[in-house]
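Okay, structure first, notes after.
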Amino acid sequence: MLKKQFVIGVDIGGTNIRVALVDEKGNIIRKIKESSGEDTVEKLINSIDTLSEVKIDAIGIGLAGVIDKEERVVKKSPNLPAIENKRFIKDIEERFSVPVVVENDANAAALGEKWLGAGRESENFVMLTLGTGIGGGVIYRGDLLNVAAELGHITVEAEGLSCPCGNNGCLESYASARALVSYVVEALEKGKESIMREAYQGNFYRITSEDIYRYALEGDSLARDSLRRAGKYLGIGIATLVNIFSPEAVIVGGGLIGAWDILAKEAKKEAERRAFPQLIEKTHILPATLGEDAGLLGAAYLALKFNETEI
Ligand SMILES: [Zn+2]
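Numbered according to this note's numbering, the sequence shown spans residues 28 to 338.
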């Protein structure tokens with residue numbers, strides 16, 4: 028049995044694609060970050076090519092979507108339709124002559140946090156990644172629970188906003204970075220008072236979730252209210268997850284956790300109000316610690332583990 032030394036970890040999200048050369052201890056030797064879109068597969072192959080300066084033993088890919096692991100294709104990717112039903116996994120395997128392991132990106136992030144991040148000490152936890160969408164992963168008895176875990180698509184408003192997945196009122200439509208931005212832009216377009224109105228002079232499409240957090244810190248009431256609203260919905264979602272899984276922790280990652288202090292306060296309050304008290308009092312609600320590297324590190328971990336110990 029050969030011990031692997033270097034692998035490639037990949038994280039393909041709705042906004043960015045990150046590819047890194049990772050050693051067996053989880054050190055990132057070199058990383059490439061690009062925007063995702065129509066040419067995602069091409070960028071992926073070029074990045075792996077660039078990073079294959081040392082001999083790589085396997086490739087792990089975390090991606091935003093529902094994966095058919097038997098057929099090795101992405102069946103559904105609401106935030107990145109460009110990778111749906113493409114045979115690129117097999118192509119990469121053949122081109123680089125190494126095994127390729129594929130996993131949902133939020134599952135990979137959960138594994139990353141278990142390996143090197145906020146979940147190191149927990150045997151059972153739920154991970155939520157607040158990015159373009161909301162992904163979920165469940166670590167159960169120290170390993171990834173092999174279920175779909177589309178936790179961003181649990182319903183938090185019965186007749187709420189329509190979601191690309193086909194449902195209405197999904198958590199992702201209220202507490203993702205994209206949902207936060209849409210809410211703020213819509214409020215500004217309706218004439219809501221905010222210092223952002225002056226700052227963007229009508230070009231509201233330029234607003235990012237990071238900007239909203241910055242304006243919230245400056246005391247802008249629309250920015251603060253929109254983050255509190257996202258936090259409240261996050262808490263509704265967390266209450267449901269706590270009632271189902273009774274986890275030791277709910278770990279929250281993704282681009283939106285820059286605003287963790289505002290989000291967490293509301294989320295904890297709402298989750299405590301709704302979940303079984305005996306369960307929520309034992310659950311820690313924590314920010315992830317690996318930042319944007321959680322997904323690619325989890326994918327690298329899967330690549331390192333491939334064929335060494337049975338998953
Ligand atoms: Zn949905």
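Quick reminder that beta carbons are idealized off the backbone N, C-alpha and C, glycines included.
> What is the chain-ordered set of residues for which the beta carbon lies under 5 Å from any non-hydrogen atom of ligand 1?
Replying inline: The filter returns His-180, Cys-190, Cys-192, Asn-194, Cys-197, in chain order.
> Can you tell me whether DSSP reads Gly-62 as helix, strand or coil?
Replying inline: The residue labelled residue 62 in the question sits at position 35 within the sequence shown. As written in the sequence, residue 62 is Ser, which differs from the Gly given in the question. The three-state secondary structure of Ser-62, taken from DSSP, is strand.
> Do you know whose CA, among Lys-103, Leu-107, Val-129, lies nearest Leu-331's CA?
Replying inline: Within the sequence shown, numbered from 1, the residue matching residue 331 stands at position 304. The shortest C-alpha separation from Leu-331 is found at Val-129.
>> Assuming contact is defined by CB atoms lying nearer than 8 Å, are Tyr-242 and Ile-222 in contact in what I supplied?
In response: As a first step, residue 242 must be located in the sequence shown, where it is residue number 215. As a first step, residue 222 must be located in the sequence shown, where it is residue number 195. Going by beta carbons, Tyr-242 and Ile-222 fall inside the 8 Å limit.
>> Excluding the 5 residues flanking Leu-143 on each side, which residues of the same chain have their C-beta closer than 7 Å to its C-beta?
In response: In the sequence shown, residue 143 corresponds to position 116, counting from 1. Contacts found: Gly-53, Leu-317, Leu-324.
>> Is the beta carbon of Pro-274 closer than 8 Å to that of Phe-152?
In response: Counted from its first residue, the sequence shown places residue 152 at position 125. Counted from its first residue, the sequence shown places residue 274 at position 247. It is a contact, given that the beta carbons lie within the stated cut-off.
>> Give me the residue from Phe-115, Ile-86, Ser-74 with the minimum Cα distance to Asn-334.
In response: The residue given as residue 334 occupies position 307 in the sequence shown. Each of Phe-115, Ile-86, Ser-74 was checked against the Cα of Asn-334, and the nearest Cα belongs to Ile-86.
>> Which residue marks the beginning of the alpha helix (DSSP H) containing Val-127, and which one marks its end?
In response: Taking the first residue of the sequence shown as position 1, residue 127 is located at position 100. Looking at the DSSP string, Val-127 is not in any alpha helix (DSSP H); the run it does join, the beta strand (DSSP E), is 127 to 131.
> If we count Cβ pairs, one from each stretch, closer than 8 Å, do we get three or more for the stretch 99 to 115 versus the stretch 282 to 295?
Replying inline: No, they do not touch.
>> I need the boundaries of the beta strand (DSSP E) containing Val-269, first residue and last residue.
In response: For the purposes of this step, residue 269 is taken as residue 242 along the sequence shown, with counting starting at 1. Premise fails: Val-269 lies in the alpha helix (DSSP H), 248 to 272, not in any beta strand (DSSP E).
>> Please report the straight-line C-alpha distance between Val-34 and Asp-320, rounded to a whole angstrom.
In response: Against the sequence shown, residue 34 aligns to sequence position 7. Against the sequence shown, residue 320 aligns to sequence position 293. Computed Cα separation, rounded: 15 Å.
>> Using CA atoms only, rank isn't needed, just tell me which of Leu-138, Gly-92, Arg-45, Glu-97 is closest to Ala-315.
In response: Along the sequence shown, one-based indexing puts residue 315 at 288. For Ala-315, the closest C-alpha among the options Leu-138, Gly-92, Arg-45, Glu-97 is that of Leu-138.
> Can you tell me where the alpha helix (DSSP H) with Tyr-210 in it begins and where it stops?
Replying inline: To locate residue 210, count along the sequence shown from 1; it is residue 183. In the DSSP annotation of this structure, the continuous segment of the alpha helix (DSSP H) that includes Tyr-210 starts and ends at 204 to 216.
> Thinking C-beta only, is Ser-209 closer than 8 Å to Ile-283?
Replying inline: By 1-based counting over the sequence shown, the position of residue 283 is 256. By 1-based counting over the sequence shown, the position of residue 209 is 182. The question names Ile, yet the displayed sequence has Leu at residue 283. No, they are not a contact pair.
>> Less than 6 Å between C-beta atoms, sequence neighbours within five positions excluded: which residues of the same chain meet that for Gly-281?
In response: Your numbering for residue 281 matches position 254 in the sequence shown. Closer than 6 Å at the Cβ level, and outside the excluded window around Gly-281, lie Thr-156, Leu-157, Gly-158.
> Rounded to a whole number of angstroms, what is the C-alpha to C-alpha distance between Lys-141 and Gly-89?
Replying inline: As a first step, residue 141 must be located in the sequence shown, where it is residue number 114. As a first step, residue 89 must be located in the sequence shown, where it is residue number 62. Approximately 15 Å between the Cα atoms of the pair.
> How many angstroms separate the CA atom of Tyr-232 from the CA atom of Arg-168?
Replying inline: As a working mapping, residue 232 is identified with position 205 in the sequence shown. As a working mapping, residue 168 is identified with position 141 in the sequence shown. As the crow flies, the alpha-carbon of Tyr-232 is around 43 Å from that of Arg-168.
>> Is it buried or exposed, Phe-19, if we count other Cβ atoms within 10 angstroms and call 16 or more buried?
In response: There is simply no residue 19 to check, as the chain begins at 28 and stops at 338 in what is shown.
>> The alpha helix (DSSP H) that contains Tyr-232, what's its start and end?
In response: Position 205 of the sequence shown holds residue 232. For Tyr-232, there is no enclosing alpha helix (DSSP H), since its DSSP letter is neither H nor E.
> Does DSSP put Phe-303 in a helix, in a strand, or in coil?
Replying inline: Taking the first residue of the sequence shown as 1, we reach residue 303 at position 276. It is coil, neither helix nor strand.
> Ala-276 to Ile-39, Cα distance in whole Å?
Replying inline: The residue you call residue 276 lines up with position 249 of the sequence shown. The residue you call residue 39 lines up with position 12 of the sequence shown. The alpha-carbon of Ala-276 is positioned some 25 Å away from that of Ile-39.
> Based on Cα-Cα distance, which residue from Gly-193, Gly-218, Thr-182, Glu-220 lies nearest to Ala-202?
Replying inline: Sequence index remark: in the sequence shown, residue 202 carries index 175 (1-based). Comparing Cα-Cα distances from Ala-202 to each of Gly-193, Gly-218, Thr-182, Glu-220, the minimum goes to Thr-182.
> When we look at the beta-carbon of Thr-67 and count the other beta-carbons within 10 Å, is it buried (16 or more) or exposed?
Replying inline: Taking the first residue of the sequence shown as 1, we reach residue 67 at position 40. That one is buried.
> Between the Cα of Ala-286 and the Cα atoms of Phe-115, Glu-199, Asp-252, which residue gives the shortest distance?
Replying inline: Reading the sequence shown from its first residue, position 259 is the one you call residue 286. Of Phe-115, Glu-199, Asp-252, the residue nearest in Cα terms is Asp-252.
> Considering Ile-284, what are the terminal residues of the beta strand (DSSP E) in which it resides?
Replying inline: Taking the first residue of the sequence shown as 1, we reach residue 284 at position 257. First-last for Ile-284: undefined, no H or E at that position.
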